[in-house]
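Heads up: the structure comes next, in structure tokens.
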Amino acid sequence: MSNKIHIFQKVVNVLVYLFFLSTTVYSVVGPAPDDENIPDGQTYITPSFWIEYVWTVIHILLGGFVIYQWFEDAHEPAIHGVGWHFVISVLLNAAWLALVKHGHYIIGFIFVLLTASSVSFVFYKLAKDYPASTWWDKILVHAPFSLWHGWIVFSAVVGFFQAFTHVKEDGPGVWSRIFVIIGILFLAGTAIGYVEYKKQKGDITSAFVIALGLLAVFTNQHDAWIRWTAFAFSIFSFLYPARPYVFKLVGRSTESEQAPLLG
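See the structure below:
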């Protein structure tokens, strides 16, 4: 009986993945809503559009996951590690993208937080109970959710500013700059947290996504305080994972020296 349930779960994962793929493509590159009164959702922390290609990588890896789940080596992490949270995360993520596309930024922010919560459950469950034992596990089980987690955290910060702030024609005021810089600092701190997470279980993949997101903020924003702060902490977030190896070259050691690339 349990075997039939597991097969059903895997089939549902495949169907939900195809739904996720189609809805994400539509939300990202589909036509804009007809209502001209809907704002475009620009903020002082909105990144350049090219960062949306992170979705392409996430979807390719998740496609690998729904194929790899049928192999015996992936059964335990896929069924008992990821479980039904893949379905839950996909449905929440699709709802969030649809809400944002139609200008419902406050409700969309709530849904991005719910998505982050669901993806976080998988992220930490895999790290704690199902560590990768092969490169296939790293690439097709851990990597998709590491990238997704980093991306959803970055998106949640952007979503907060979409929901509760507005862009002015004369540029950001002092308080707008302060709050955006706080958001950038939060993201950089989160990137560091990924690397330092449980030391040898550090996740550089998620940190890389946030660093890339900050770089996209730099390339899209025009205010000097915001764009150069984003640039500085983007570079810092890119370089921080290399810190143990730099220290090793100069004869020092750190506890995070063995942090794996894919968690």
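Under the working numbering, think of the first position of the sequence shown as 66, with each following residue one higher. The beta carbon of each residue, even a glycine, is placed where N, CA and C say it ideally should be.
In the DSSP assignment, residue 261 falls within the unbroken alpha helix (DSSP H) covering 239-261. Between residue 108 and residue 227 a beta carbon distance of about 6 Å is seen, short of the 8 Å cut, so the two are scored as contacting. Looking from the CA of residue 154, the closest CA among 236, 213, 232 belongs to 213. Residue 191 is not a Cβ neighbour of residue 219, given a cutoff of 8 Å. A distance of 8 Å or more separates the beta carbons of residue 113 and residue 253. The Cβ-Cβ distance between residue 216 and residue 81 does not fall below 8 Å. In this structure, the beta-carbon distance from residue 126 to residue 205 falls below 8 Å. Going by beta carbons, residue 260 and residue 306 fall inside the 8 Å limit. Remark: fewer than three beta-carbon pairs, one from each stretch, lie closer than 8 Å, so the stretch 267-279 and the stretch 134-146 are not flagged as touching. In this structure, the straight-line span from the alpha carbon of residue 286 to that of residue 173 is close to 23 Å. For residue 124, the enclosing alpha helix (DSSP H) starts and ends at 119-133. By the neighbour-count definition (other C-beta atoms within 10 Å, threshold 16), residue 161 is a buried residue. Taking all protein chains in view, the Cβ of residue 257 is crowded by 16 or more other Cβ atoms within 10 Å, so the residue is classified as buried.
Judged by DSSP secondary structure, residue 287 falls outside any alpha helix (DSSP H); it is assigned neither H nor E. The C-beta of residue 241 has 16 or more other C-beta atoms within 10 Å across all chains shown, which makes the residue buried. Membership of residue 204 in any alpha helix (DSSP H) is not indicated, and neither H nor E is assigned to it by DSSP.
For residue 113, the secondary structure class from DSSP, reduced to helix, strand or coil, is coil. Of all alpha-carbon atoms in 277, 246, 299, 69, the one lying nearest the alpha-carbon of residue 110 is that of 246. Distance from the CA atom of residue 186 to the CA atom of residue 164, rounded to whole angstroms, is 23 Å.
Rounded to whole angstroms, residue 290 and residue 175 show a C-alpha spacing of 29 Å. About 6 Å separates the beta carbon of residue 178 from that of residue 221, a gap short enough to meet the 8 Å contact definition. With at least 16 other beta carbons inside 10 angstroms of its own, residue 248 counts as buried. Just measuring C-alpha positions, the residue of 168, 150, 86, 193 sitting nearest residue 182 is 150.
By the Cβ-count criterion, residue 171 is exposed, with fewer than 16 other Cβ atoms from all chains shown falling within 10 Å of its own Cβ. Shown here for residue 288: same chain residues with a beta carbon closer than 8 Å to its own, the five before and five after excluded, namely 109, 236, 237, 242 in chain order. Of the residues assessed, residue 202 falls on the buried side of the cut-off, its CB having 16 or more other CB atoms within 10 angstroms. Shortest Cα-Cα distance from residue 244 to any of 234, 128, 229 involves 229. Closest by C-alpha distance to residue 158, out of 124, 70, 200, is 124.
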